[in-house]
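First the structure, in the form of structure tokens, and then the observations on it.
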Amino acid sequence: MLSLKIAFRNVFRQKRRTILTALTMFGGFTLSAISIGWGDGTYSNTIDIFTRNRLGHIQIHKKGYLDQPSLYKTIDDYETIGEKIIGINGVEAWAPRLYSAGLASVGEKTAGVRILGIDLNLEEKSTRFSRKIVEGRNFSSATSKEAILGKGLADILKAQIGDEVVIISQAADGSIANELYPIVGLVESGDDMSDRMDFYLTLPEAQELMALNGRVHEIAIIVEKLGNERRLAHQINGMLNKADLDIAPWQEFAKQFYQAMLADEEGMWIMLLVIIIIVAVGVLNTVLMTVLERIREYGLMKAIGTRPLQIIIIIIYEVNIIALASIIAGTILSLPINYLLSFHGVALPFTFTYGGVEFSKYYTQVNVRSFLIPAVTILFTASVVSIFPALKAARIAPTKAMRVH
6 MLSLKIAFRN VFRQKRRTIL TALTMFGGFT LSAISIGWGD GTYSNTIDIF
56 TRNRLGHIQI HKKGYLDQPS LYKTIDDYET IGEKIIGING VEAWAPRLYS
106 AGLASVGEKT AGVRILGIDL NLEEKSTRFS RKIVEGRNFS SATSKEAILG
156 KGLADILKAQ IGDEVVIISQ AADGSIANEL YPIVGLVESG DDMSDRMDFY
206 LTLPEAQELM ALNGRVHEIA IIVEKLGNER RLAHQINGML NKADLDIAPW
256 QEFAKQFYQA MLADEEGMWI MLLVIIIIVA VGVLNTVLMT VLERIREYGL
306 MKAIGTRPLQ IIIIIIYEVN IIALASIIAG TILSLPINYL LSFHGVALPF
356 TFTYGGVEFS KYYTQVNVRS FLIPAVTILF TASVVSIFPA LKAARIAPTK
406 AMRVH
């Protein structure tokens with residue numbers, strides 16, 4: 006207790022040194038807290054856009070479909086599976102999908118397309134499909150004989166709203182699938198490559214066209230809270246208990262995107278390490294200078310019987326008192342900044358696409374780790390860095406130190 010009192014007095018005796026050390030820690034903490042919040046916000050926002058708007062957080066396929074997609078690898082009882090899935094706590098929505106390849110023609114223009122059969126109502130609940138429509142309208146009904154094209158595909162075909170498009174493909178029964186559809190809408194998903202290929206039909210119409218009545222290729226699942234997808238995928242797998250189905254979270258069926266996100270997160274940790282090194286050097290320099298200026302004082306303390314361990318404890322206390330004050334001040338500043346940026350974000354001067362995801366704003370995320378990691382790091386770094394100067398002070402010979410002016 007006495008050591009703590011002495012440490013408090015010493016902190017306020019050397020105000021200039023205290024302020025300099027505190028500013029170094031304060032700046033490091035604030036920058037780290039905002040950087041981690043920014044990184045987490047960007048990470049979560051990117052994943053949410055990529056999964057919720059397009060792929061889903063969890064997908065169910067016939068075993069082997071992802072490795073070798075085939076028109077014949079279908080899920081037959083998808084409606085029963087969907088009813089079971091939606092009853093699981095933590096699942097927000099689900100949507101069945103049918104995929105195929107084909108040729109689309111408008112006038113003299115022809116292009117290869119990816120046919121997507123979607124359930125109008127379930128897709129809207131899952132991926133908010135109507136928000137992607139940039140021209141025209143959505144399907145008039147869940148069974149309408151209409152087509153919606155990706156904006157890029159429409160540009161390739163020189164197609165406009167109201168034009169008729171001919172689609173040709175191969176049906177599951179071996180026949181040639183062909184039909185004529187009016188174009189009622191154009192979509193932008195945020196992925197230019199997909200928008201140059203995607204050709205949307207209502208699920209019943211796609212099933213009839215491809216002779217796949219009552220069957221789909223994929224069930225996309227949206228979870229209520231990002232981060233629970235692995236646990237829920239395992240839970241769904243156990244509940245369905247179907248050996249012929251693959252149930253995977255987005256980290257498995259979108260591996261390239263997941264690896265890109267991990268690399269981005271590693272970059273954030275490297276930046277944090279740089280900040281820690283800067284803080285450590287600043288603290289070491291300040292504490293070492295303080296010790297050198299107070300050699301006579303430490304010599305006097307040892308001469309009157311103060312043990313070396315007590316001197317070490319006093320110096321470590323001093324540094325940690327400054328660190329705690331800096332953390333509190335940094336939290337007071339960085340918390341409202343993170344909170345405001347999590348709602349309003351920072352608008353970018355231009356939009357860009359990364360991994361098929363379009364960015365126009367950056368958002369932060371307010372969470373415990375944004376403040377806990379910098380706080381623990383600053384305290385740990387300050388304690389470790391203060392040991393060397395403390396040992397130097399504790400080893401001072403009283404007779405030699407008393408002669409220092």
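Residue numbering for the sequence shown follows our numbering, starting at 6 and increasing by one per position.
In this text, a Cβ means the ideal position worked out from N, Cα and C, and glycines have one as well.
Note that the structure is a prediction, hence the values are computed from the model and not measured.
### Query
For Leu-158, which three-state DSSP category applies?
On the sequence shown, position 153 is the one that residue 158 refers to. In this structure, Leu-158 counts as helix in the three-state DSSP scheme.
### Task
Report buried or exposed for Asp-53, applying the criterion of at least 16 other Cβ atoms within 10 angstroms of its Cβ.
Sequence index remark: in the sequence shown, residue 53 carries index 48 (1-based). Asp-53 should be labelled exposed.
### Query
Thinking C-alpha only, which one of Ala-225, Asn-242, Leu-278 and Trp-274 is nearest Trp-255?
Along the sequence shown, one-based indexing puts residue 255 at 250. Closest option to Trp-255, Cα to Cα, is Ala-225.
### Task
Pull up the distance between the alpha-carbon of Gly-219 and that of Leu-125, whole angstroms please.
Here residue 219 refers to the residue found at position 214 of the sequence shown. Here residue 125 refers to the residue found at position 120 of the sequence shown. About 16 Å.
#### Entry: Exposure label - Gly-61; buried when at least 16 CB within 10 Å
If you number the sequence shown from 1, residue 61 lands on position 56. Burial call: buried.
### Task
Let me know if Val-228 comes out buried or exposed under the rule of 16 or more other beta-carbons within 10 Å of its beta-carbon.
Mapped onto the sequence shown, residue 228 falls at position 223. Classification of Val-228: buried, given that the 10 Å Cβ count is 16 or more.
### Message
Quick check for students: name the residue ranges of the beta strand (DSSP E) that lie wholly in the segment 286-318, counting only runs of 3 or more.
### Response
none
### Query
Going by beta carbon distance, what residues of the same chain come within less than 6 Å of Ser-199, once the five residues before and after it are set aside?
Translated into positions along the sequence shown, residue 199 becomes position 194. Here the set comprises nothing.
### Task
From the DSSP output, in three-state form, read off Glu-229 for me.
Within the sequence shown, residue 229 is the residue found at index 224, counting from 1. Reduced to three states, the DSSP call for Glu-229 is coil.
#### Entry: Simplified DSSP state of Ser-105, which is helix, strand or coil
For the purposes of this step, residue 105 is identified with residue 100 of the sequence shown, where counting begins at 1. Ser-105: strand per DSSP, three-state reduction.
### Query
So what's Asn-143 in DSSP terms, helix, strand or just coil?
Translated into positions along the sequence shown, residue 143 becomes position 138. DSSP places Asn-143 in coil when its eight states are reduced to three.
### Query
Where does Gly-42 land, buried or exposed, given buried means 16+ other C-beta within 10 angstroms?
Within the sequence shown, the letter at position 37 stands for residue 42. Buried is the label assigned to Gly-42, since at least 16 other Cβ atoms lie within 10 Å of its Cβ.
### Task
State yes or no: is the C-beta of Leu-185 within less than 9 Å of the C-beta of Val-170?
By one-based count along the sequence shown, residue 185 stands at place 180. By one-based count along the sequence shown, residue 170 stands at place 165. In contact: Leu-185 and Val-170 (Cβ atoms closer than 9 Å).
### Query
Could you give the distance in angstroms between the alpha-carbon of Ala-116 and the alpha-carbon of Asp-197?
The residue you call residue 116 lines up with position 111 of the sequence shown. The residue you call residue 197 lines up with position 192 of the sequence shown. If you take the alpha carbons of Ala-116 and Asp-197, they lie about 15 Å apart.
### Coarse secondary structure for Ser-1, derived from DSSP in three states
Because the chain here runs from 6 to 410, residue 1 falls outside it and cannot be looked at.
### Query
What first and last residue would you give for the alpha helix (DSSP H) that runs through Arg-21?
Translated into positions along the sequence shown, residue 21 becomes position 16. That run of the alpha helix (DSSP H) goes 20-55.
### Own chain residues within Cβ distance below 7 Å of Glu-97, not counting five before or after
Position 92 of the sequence shown, counted from the start, is the residue given in the question as residue 97. The residues Ile-227, Val-228 and Glu-229, in chain order, have a CB closer than 7 Å to that of Glu-97 in the same chain once the five nearest residues on each side in sequence are set aside.
### Message
Output needed for Gly-141: all residues of its chain with C-beta closer than 8 Å, excluding positions within five of it in sequence on either side, in chain order.
### Response
Counting from one through the sequence shown, the residue named residue 141 turns up at place 136. Close CB contacts of Gly-141 within its chain, under the 8 Å cut and outside five residues either way in sequence, are with Ile-153, Ile-166, Ile-188, Val-189, Gly-190 and Leu-191 (chain order).
### Query
With burial defined as no fewer than 16 other Cβ atoms inside 10 Å of the residue's Cβ, what is the status of Asp-249: buried or exposed?
Walking along the sequence shown from the start, residue 249 turns up at place 244. Exposed, because fewer than 16 other Cβ atoms sit within 10 Å of the Cβ of Asp-249.
### Task
Measure from the alpha carbon of Met-273 to the alpha carbon of each residue in Leu-340, Ala-38 and Gly-157, then state which is nearest.
Counted from its first residue, the sequence shown places residue 273 at position 268. Nearest of Leu-340, Ala-38 and Gly-157 to Met-273, Cα basis: Ala-38.
### Task
Go ahead and pull the three-state DSSP assignment for Lys-366.
On the sequence shown, position 361 is the one that residue 366 refers to. Strand at Lys-366.
### Task
May I ask you to verify whether the segment 203-220 touches the segment 144-159, counting CB pairs closer than 8 Å and requiring at least 3?
yes
### Query
What residue range is occupied by the uninterrupted alpha helix (DSSP H) comprising Tyr-83?
The residue labelled residue 83 in the question sits at position 78 within the sequence shown. Residues 83-91.
### Query
Is it right to say Ser-146 is buried, meaning 16 or more other beta carbons lie within 10 angstroms of its own, or is it exposed?
Mapped onto the sequence shown, residue 146 falls at position 141. Label assigned to Ser-146: exposed.
### Query
What is the rounded straight-line gap between the Cα of His-66 and the Cα of Glu-84?
Here residue 66 refers to the residue found at position 61 of the sequence shown. Here residue 84 refers to the residue found at position 79 of the sequence shown. Roughly 14 Å separates the two Cα atoms.
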